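Notes for the one structure printed next.
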Amino acid sequence: MPLPKVVIVGRPNVGKSSLLNWLAGRRISIVDDVAGVTRDRIGALVQLAEEPEPRFFELVDTGGVGMVDRDDLSDDVDRQIDTAMSEADLILFVVDIREDLMPLDEEVAQRLRYLKTPVILVMNKADYPDLDQRGGEFYKLGRGKPIPISTRENRNRKELLKLIDKMLPDVHDALKPADAAMKIAVVGRPNTGKSTFINTLARAERMIVSERPGTTRDSVDVHFDLDGLPFLAIDTAGVKRKAKIKESLDFYSIHRAERSVRRADVVLMFLDPTQGITRLDKQLADYVAKEYKPCIFTINKWDLMLADRDDPSQANMARFANVVQHAFRNMSYMPLAFITAQTGKNVKAVLNLAQSLFKQANRRISTGTLNRVLREAVAAHAPAMRENRAPRIYYATQVGTAPPTIVLFVNSPRLFEGTYQRYLLNTFREKLPFRDIPIKLYLRARKQAEPGSPRPRADGDGAAVDPDDLDLDVMGDEGGHPGQGVRYLDHEVNELLSDLDG
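Now the structure itself:
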């Protein structure tokens, strides 16, 4: 499962940013830099447990919470606040112990009251113990016993971290992928065939389908089983936008899609080949990448592109695949599928492909295997000198899944250029069973390898990974071989599928 996420909320001037910096200080092991296709919104990756089995959580600051007049918040900022809180595994509600209970504190508390997320009430600016007695009135907020801290005086940091550790979920307690329904978000511009796709699922043979309202006000969850596997399709196609003339259709299309993407395990991004790639398509794709979600570019209405009898189907597919790859260069590793939702062509193949991506995103790689691949990558292409210093990587470890989250322990993160970080990400996709999904990569500063710490190795559980063991279980509509209309953008997999088709 993803790393546990801790979100800091509170009104202005209570020390939220100071709390973030305090918990993410040098005295706690943190990650100093983030690498990936897009810049993540996470403030810091904080380490709780010590090596050799480190325990991490993501720490996020929500600076927009607690504006004096909430009605002045733009829709975008307000949505960002709600998003952060809804995604949290634990919330740190920060108040100022030196001031009386403020109406804005109560407003924040009221906002949190609708969430089921556990909350720790943190009384900041308790610079000395005598101030602790002033915290009695904060019990009115209904969050139990508050914990007094002082970021300025470095007071009760250890106690707060222990409480966070106690209340955070254990990533190892997550359900196995086979035990839970895979959630598929069906997103895209209007009129790309999303509703038709959902309707095809509802009437397909061997599928048990039910519809009920989802967790958001404007989505419908379509539950169905395919060959004994549970699925949940998040349908946003039937949503009607609010009747506000000043707000555009594009705004509401993006808004609905973002909420669906955040809930999903795999995203099906629908494209219409008859209309080409639009600005809205690129906005949606950027958000999918920012959320590190596995994605299948789903080219619907492909039958309309076959009207030109002089243009062979395969050549037509290859040409449009190049268009997609050029438009979404930072997502070129994500698979591409050609379907006709109205007739059901390749619909089952897309679901099987989504199941493959779901398995990849939930895979956990042994430290030995990961460091063997890392060692080979560095041997083949060492990082260049920078600032008259040699970049050094001590070892790597996977700390989370969905998305796979890898931490590199290095001498200095700033010595590793973005191009080299992308090289490592591409190598991990090539050599590990993460070929078609995003990987989150962190670089953590460390002066030197500590005695007894893990080192890159290929012995024991670091046996070589079989490139064929990638769970790429792509089935055709009739089963038995990959569907002819389903193609990866990856050149090597394209060749493999072509051989199987022949």
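Using full-length UniProt numbering, you'd call the opening residue of the sequence shown number 1 and step up by one each time.
C-beta atoms are modelled at their ideal positions from N, C-alpha and C, and glycine is treated no differently.
Please read these numbers as outputs of a predicted model, since none were measured by experiment.
Residue i: first and last residue of the uninterrupted beta strand (DSSP E) it sits in
i, result
"phenylalanine 93", "90-96"
"tyrosine 292", "Here tyrosine 292 belongs to no beta strand (DSSP E), and DSSP marks it neither H nor E."
"asparagine 124", "119-124"
"methionine 305", "No beta strand (DSSP E) contains methionine 305, which DSSP labels as neither H nor E."
"glutamate 58", "55-61"
"glutamine 398", "393-400"
"aspartate 235", "229-235"
"lysine 440", "440-445"
"isoleucine 406", "405-410"
Extent of the continuous alpha helix (DSSP H) run through residue i
i, result
"methionine 269", "Note, methionine 269: premise wrong, no alpha helix (DSSP H); beta strand (DSSP E) at 266-271."
"glutamine 110", "103-113"
"glutamine 133", "Where glutamine 133 is concerned, there is no enclosing alpha helix (DSSP H), given that its DSSP letter is neither H nor E."
"alanine 377", "367-380"
"tyrosine 420", "418-431"
Of the listed residues the options, nearest to residue i (C-alpha basis)
i, options, result
"arginine 420", "Met385, Tyr394 and Ile147", "Per the sequence shown, the amino acid found at residue 420 is tyrosine instead of arginine. Checked all of Met385, Tyr394 and Ile147; the closest Cα to tyrosine 420 is Met385."
"isoleucine 437", "Tyr139, Leu443 and Thr427", "Thr427"
"tyrosine 139", "Ala126, Ile120 and Ser150", "Ile120"
"glycine 344", "Trp302, Leu443, Leu92 and Ile97", "Trp302"
"lysine 194", "Val222, Ala181, Val46 and Trp22", "Val222"
"glutamine 325", "Leu304, Asn362, Thr298 and Ala341", "Thr298"
"glutamine 355", "Pro129, Lys162, Ala233 and Leu163", "Ala233"
"serine 332", "Asp286, Ala341 and Lys359", "Asp286"
"threonine 340", "Leu432, Leu425 and Ile198", "Ile198"
"phenylalanine 56", "Ser412, Pro169, Ala321 and Phe224", "Pro169"
"alanine 321", "Ile277, Tyr423 and Pro433", "Ile277"
"arginine 363", "Leu90, Glu376, Leu432 and Met305", "Leu432"
"glycine 228", "Leu415, Arg422 and Ala181", "Ala181"
"isoleucine 296", "Val267, Gln283, Leu284 and Val288", "Val267"
Chain C within 8 Å of residue i, Cβ atoms only
i, result
"alanine 289", "Although the question refers to chain C, the structure presented lacks it and comprises just one protein chain."
Residue i, buried or exposed, once every other Cβ within 10 Å from all chains shown has been counted against 16
i, result
"residue 517", "Nothing about residue 517 can be reported from this structure: the residues present for the chain run from 1 to 502 only."
"threonine 274", "exposed"
"glutamine 398", "buried"
"asparagine 352", "buried"
"serine 260", "buried"
"lysine 16", "buried"
"alanine 337", "buried"
"residue 573", "Given a span of 1 to 502 for the chain in the structure shown, any question on residue 573 remains unanswerable."
"glycine 479", "Note that glycine 479 scores 32 on pLDDT, short of 50, meaning its location in the model is unreliable; the coordinates nonetheless yield the value given after this. So glycine 479 ends up on the exposed side."
"alanine 390", "exposed"
"arginine 446", "buried"
"glycine 142", "exposed"
Rounded C-alpha distance that separates residue i from residue j
i, j, result
"arginine 262", "leucine 374", "30 Å"
"alanine 44", "glutamate 58", "6 Å"
"proline 335", "alanine 361", "14 Å"
"serine 150", "lysine 125", "5 Å"
"valine 347", "aspartate 281", "21 Å"
"proline 404", "lysine 290", "14 Å"
"leucine 20", "glutamine 47", "13 Å"
"isoleucine 81", "glutamate 107", "14 Å"
"valine 378", "isoleucine 406", "16 Å"
"arginine 155", "leucine 370", "39 Å"
"serine 86", "leucine 112", "10 Å"
"leucine 201", "phenylalanine 224", "8 Å"
"alanine 449", "isoleucine 393", "Residue placement at alanine 449 is flagged as unreliable, the pLDDT there being 46, under the threshold of 50; a coordinate-derived value is accordingly withheld."
"leucine 3", "leucine 101", "33 Å"
Exercise for review: Only counting runs of 4 or more residues, tell me where the alpha helix (DSSP H) segments fall wholly within the region 314-365, in order along the chain.
Suggested key: 347-361
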